[in-house]
Structure formats: structure tokens, C-alpha cells
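Novice:
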Amino acid sequence: MINIKFIRENPEKFKKACKAKQVLFDTDYFLELDKKRREMIQEIESLKARQNKESSEITKLQDAEIKRNKIEKIKEIKNRIKDLERDLKEIEKEHENLMCQIPNMPLEDVKVGRGEEDNEILRHEGKIPKFDFEPKNYLEITKRLDLIDTERAARVSGSRFGYLKKEAVLLEFALIQFALDTLIKKDFIPVVPPVMIKEKAMWGMGYLERGKEEIYYLPKDRLYLIGTSEQSIGPMHMNEILKEEDLPLRYVGFSSCFRREAGSYGKDTKGILRVHQFDKVEMFSFALPEYSQKEHEFFLFLEEEFLKKLGLYYRVVKMCTGDLGDPAASKYDLEVWLPGLSEFREVTSTSNCTDFQARRLKIRYKSKDPRLGIQFVHTLNGTAFAIGRMIIAILENYQQVDGSVKIPLVLQPYIKGITEIKPK
RNA sequence: GGAGAGAUGGCUGAGUGGACGAAAGCGCCCGACUUGAAAUCGGGUAGAGCCAAAAGCUCUCAGAGGUUCGAAUCCUCUUCUCUCCGCCA
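Position in the first sequence (from 1) plus 54 gives the number in our numbering.
1. Rounded to whole angstroms, what's the CA-CA distance from M394 to I238? Just pull it up for me.
2. Taking the continuous beta strand (DSSP E) assigned at F338, which residues delimit it?
3. Spell out a yes or no on whether the segment 176-186 and the segment 430-441 are touching, meaning 3 or more CB-CB pairs, one atom from each, closer than 8 Å.
4. Between the segment 356-376 and the segment 414-421, do three or more beta carbon pairs fall short of 8 Å?
5. Are there three or more Cβ pairs, one per stretch, closer than 8 Å when the segment 259-266 is compared with the segment 231-250?
6. Within 10 angstroms of the Cβ of A118, are there 16 or more other Cβ atoms? Answer buried if so, exposed if not.
7. Checking the sheet assignment: what are the DSSP bridge partners for F312?
8. With distances taken Cα to Cα, identify the nearest neighbour of K102 among E63, E150, I135.
9. Going by the DSSP bridge assignment, what does G436 pair with across the sheet?
10. Look up Q411 in the DSSP assignment and say whether it is helix, strand or coil.
11. As an exercise, report each continuous beta strand (DSSP E) stretch of at least 3 residues that is fully enclosed by the segment 162-248, in chain order.
12. Would the beta-carbon of G379 fall within 8 Å of that of E336?
13. Would you say D387 and R304 are within 8 Å of each other, going by their C-beta atoms?
14. Going by alpha carbons, who is nearest to E63 out of P289, D88, V401, V246?
15. Tell me the DSSP secondary structure of Y345 in three-state form.
16. Strictly by DSSP, which residues pair up with K124?
17. What residue range does the beta strand (DSSP E) around I428 cover?
18. For F60, name the three-state secondary structure that DSSP assigns.
19. For I445, count neighbouring C-beta atoms within 10 Å of its own C-beta (all shown protein chains included) and say buried if the count is 16 or more, exposed if not.
20. Under 8 Å, do Q96 and K132 count as touching if we go by C-beta distance?
21. Are three or more beta carbon pairs between the segment 288-301 and the segment 265-274 nearer than 8 Å?
22. What does the alpha-carbon distance come out to for the pair I195 and L449?
23. Could you check whether the segment 449-464 touches the segment 352-365, counting it as contact only if at least three pairs of C-beta atoms, one from each stretch, sit closer than 8 Å?
24. Between D203 and Y217, how many whole angstroms is the CB-CB distance? I'm expecting something under 8 Å.
25. Where does M290 fall in DSSP's three states?
26. Quick check: the Cα distance between F84 and S109, rounded to an integer number of angstroms?
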């Protein structure tokens, strides 16, 4: 949800932003509806004021006849209000529906573009890995080392699932522990959130208007499976008024994530690059509006630190307006070089959703400045580690000529005694 | 799954048909006293909507509907929380 005042006051800017985000929206019709709505509210409220006034006078009346007349008069007003309210309800419903269709406005510095092809590659970091042999892709490596079994997973669960095995499992827990250790030091509160959430929560995070196809739903219990712990951590504080001194309120969540991957038939069909279920360590922050861009840069910095400490070669990509998704106002992706597959692949991303989610979920804070009063917070999210893809990146980048894989130095304290994964 | 109790402002908590958007306390803000602070004293302090804004008005006591001239208070449904019992990793 965006601030309606913005649309009223900057209709042209708003139209431009919708176009940039590639969302069709009849702004003129909406503004007309909005005007009509406000006129009706005024009419109803003045009638209600009269009703309240007349009604409060009843206690003073002694004469039964006068009293009866008065009540009749009030009933008349009541009926008129009832009729008007019926009409207003229709308008309100449409108004709200339209408001919910509106995506978040991109920040000023986000480039206008259609999609992936218009994203901006900001810079490359790290060293390009050099091999004096032909590096294998992760599918070959995991097969040789027996780290991932997708064939049996297909038997049990279908396509796009996998059994993580042996050292891959140890790597998963090492990555989790590494991320938690690092982020707890930065005042992140660790949390293992629910993976099933109510419609209200999922809606509030802004993923139901577009992208519903991507989400698992359990109709019997009316619960949605999260696609990222962001969807479960964001609504933690819904309907709350936070204290300014508690902001930024940072969480680091660990959870399994579930995605239908409905629109991706044929893409990455082998292996575990794109699966229905994976584990992820996620950062989330509730921040003061004036600091949210700083917080966003901080998240990007942390994500880069993780990749640097793992010694990976990556590039920073800034999303254009067409590739933002509904809730985000600004978003970066980090893409790691996979020498086996010979391509950059997205491993982490971070978004600033400004007040879009906070408005829907009514997450606010009380400002110390009495003139500001109560304001919506800004919400931000960022990946620490999407485990599956990180394991792939490590395997491809740390492979040796003899088929073994070295364990990155920073992870060794978390995977005691093991410095490399050797073929049997 | 069965039985019962409950949901009130930032928090605790009083309030069972009109004088209640709501006592009291805590917290917070402003002021006095103080070299400064604490303590003490005085004052202020719910949110949302309509309005350019102020004034004003409207709505909101978990949510939705209803009764009534009038509902935090009465009725119906829903959601959530707690207690007891059952089941259970």
C-alpha cells in the first residue's frame, strides 16, 4: 500500500511510476472514484453529526409526545444514512481493491527498464577463479562425491527436490552457524519463524496481488507456505507501534522456503539450482524512514562481506523498475561466478520495501519528536545465505584437479576436522 | 478434539445502556526545584478519517453483523489468548 496523498498530489509522477513498474492502472478513474468517496463521506458524516446531536437531547425531554416526535425524526435521518452507507460501501470496496493493486513506488535512483536485460551491473568484486584444468559443473561434482541425490528425491517427492547428503549437510550447518555468528554480533536477533502463515500475513507482505502462482497454499487449514522467511518475519510486528529507540530492529531468520516455480518449466531442471524447497538464512530490518536507504546499503555491505570472506568472485546488480516486484522500491542482487556452469548466478539479494509492507501490516513507530507523532516504519530484507546455491558456488569454486573440494577457510571452524571433501 | 475464562490507549488495568474516547497507575513530553542528575511537584499525552490547514465533525474498546433514539456495556457469528482434560514430536 502506498500513501494515497502521493497519488492525489502527484498524479503525473504516479502514472510514470506505474508505467516504469509495468503495471496497468487507470489513475484518472481512480482519482474520480476517490473524489466521489470523499464527498460521500462528508455527506454521511454531517448527517451522523446531526443524528448524534438530536439523540443526546432526548435525555432532557420530559414530554412523551415531543419525545416520540424526536425519535421519529432521528429514525428518518438514520434511514438516509443507511442508504448512503450502502452506496459508500460499494465505492470503498472498489477503492480498496484498486489501492491494493498499486505496487510500491521505485526510489528516484532506480533505472527505468523492462526487465532483467535492463538491470545495471554496478561492479565486479573479487578475483576470477583460475583453474589449470577444465572445471566441472556442480552436477558432476555432487555426483562424484555423492552429495546430492535428486533421483531418489524425484521418486519420493517429484521433480525439483533433492536429498542433501554427507558433507553437503555439514556445509549447510556450517553456513548457518557462520551467518548467525556474524549477524548476532551486529545486533540481529536470531529467530526461527513459522513456515506456514495466514492469508492476512502473506497479503500484508504484498505477495498475493501478483505472484500468487508461486506460492504453496494449504486450503484445509487456510495457510500459505512461505517462500522466504521475510514473509513470516515481517508480519511479526503487525498492528504494533514500535519505539523509536528500538529501531533499527534487526532479525536474522533461518527457515526452509517453499516455491512452486510455476513459471519456470524447462529452466534449471536438473540439480538443485531451482527447487521447490530450500533453506535460507535471511536478514530483516524494521527501520526509521530517514535511515532506510542507509540500512539497505548496510545489508548490501553484509552480503558482500559474506561473499568476500568465502573468496568468491561476484557482481553487484541493481534492479531496474521492471524487475523490482510489487513490494520493493529498490533492490540489489549479488551474482556469483560459477566456473563449472560458466555463468553468474544470483545467490543473494536485498530489497528496501520502504513503507509499502508497513502500511498494509500497520507497523508503526512513535517518534521522539512530538510533531512527527506516529509514523510507518520501513522494512528491508536481504539474504545472508540461500544454502543450496551457496553450496553450489562453493563446490564449483573450490574444486580441485583430483575431484576433491576444499572447504573455505572461514567455514572450517564450523565443520570441525574437515578441510576437504574427497572422492571415495 | 472436549470443558471453561478472557480480549479496553505505548504498557498494566477500572468501567455492565446516555454525563465514557474511556478512571487510576506506569511510560513518554514540557515546566518548576537542582551546579547537573535522581527524587518531588505542576501541566500535557490514544489512533484513524474528512478538511490546504486550524477549528470542527465522524469512526474506533479483538473483528464482522444485529438490537436501540443512544452500545466498551445487550444479542449472534468469527478470530486470537489463557486454564483444565485428551492426543502428540
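From the three backbone atoms N, C-alpha and C, an ideal C-beta is built for every residue, glycine too.
Specialist: With the structure as the only source:
1. Locating residue 394 in the first sequence gives position 340, where the first residue counts as 1. Locating residue 238 in the first sequence gives position 184, where the first residue counts as 1. Going by the sequence as given, residue 394 is Gly instead of Met. Whole-angstrom Cα-Cα distance: 34 Å.
2. As a first step, residue 338 is located in the first sequence; it is residue number 284 there, counting from the start. Per DSSP, F338 belongs to the beta strand (DSSP E) from 331-341.
3. no
4. No, the segment 356-376 does not touch the segment 414-421.
5. The segment 259-266, when compared against the segment 231-250, does not touch it at the 8 Å Cβ threshold.
6. Position 64 of the first sequence holds residue 118. Under this definition A118 is an exposed residue.
7. For the purposes of this step, residue 312 is taken as the residue at position 258 of the first sequence. Answer is Q331, bridged to F312.
8. Residue 102 sits at position 48 when you count from the first residue of the first sequence. Among E63, E150, I135, the Cα nearest to that of K102 belongs to I135.
9. Stepping through the first sequence from its first residue, residue 436 is reached at position 382. Beta-bridge pairing by DSSP links G436 to M337, T404.
10. For the purposes of this step, residue 411 is taken as the residue at position 357 of the first sequence. Residue state, collapsed to three classes: helix.
11. The segment 162-248 contains these whole beta strand (DSSP E) runs: 174-179, 243-245.
12. Residue 379 sits at position 325 when you count from the first residue of the first sequence. Residue 336 sits at position 282 when you count from the first residue of the first sequence. Result no, Cβ atoms of G379 and E336 do not sit closer than 8 Å.
13. Here residue 387 refers to the residue found at position 333 of the first sequence. Here residue 304 refers to the residue found at position 250 of the first sequence. The answer is no: Cβ separation not under 8 Å.
14. By one-based count along the first sequence, residue 63 stands at place 9. Looking at P289, D88, V401, V246, the one whose alpha-carbon comes closest to that of E63 is D88.
15. The residue labelled residue 345 in the question sits at position 291 within the first sequence. Helix at Y345.
16. Within the first sequence, the letter at position 70 stands for residue 124. Per DSSP, none; premise fails for K124.
17. Reading the first sequence from its first residue, position 374 is the one you call residue 428. Per DSSP, I428 belongs to the beta strand (DSSP E) from 428-430.
18. Position 6 of the first sequence, counted from the first residue, corresponds to residue 60. Here F60 sits in helix by DSSP.
19. Counting from 1 along the first sequence, the entry for residue 445 is found at position 391. So I445 ends up on the buried side.
20. Against the first sequence, residue 96 aligns to sequence position 42. Against the first sequence, residue 132 aligns to sequence position 78. Contact: no.
21. no
22. Taking the first sequence and counting its residues from 1, the one referred to as residue 195 is at position 141. Taking the first sequence and counting its residues from 1, the one referred to as residue 449 is at position 395. About 7 Å.
23. yes
24. Your numbering for residue 203 matches position 149 in the first sequence. Your numbering for residue 217 matches position 163 in the first sequence. So it is a contact: roughly 4 Å between Cβ atoms.
25. Counting from 1 along the first sequence, the entry for residue 290 is found at position 236. Looking at M290 - three-state DSSP - the assignment turns out to be helix.
26. Taking the first residue of the first sequence as 1, we reach residue 84 at position 30. Taking the first residue of the first sequence as 1, we reach residue 109 at position 55. Roughly 37 Å between the two C-alpha positions.
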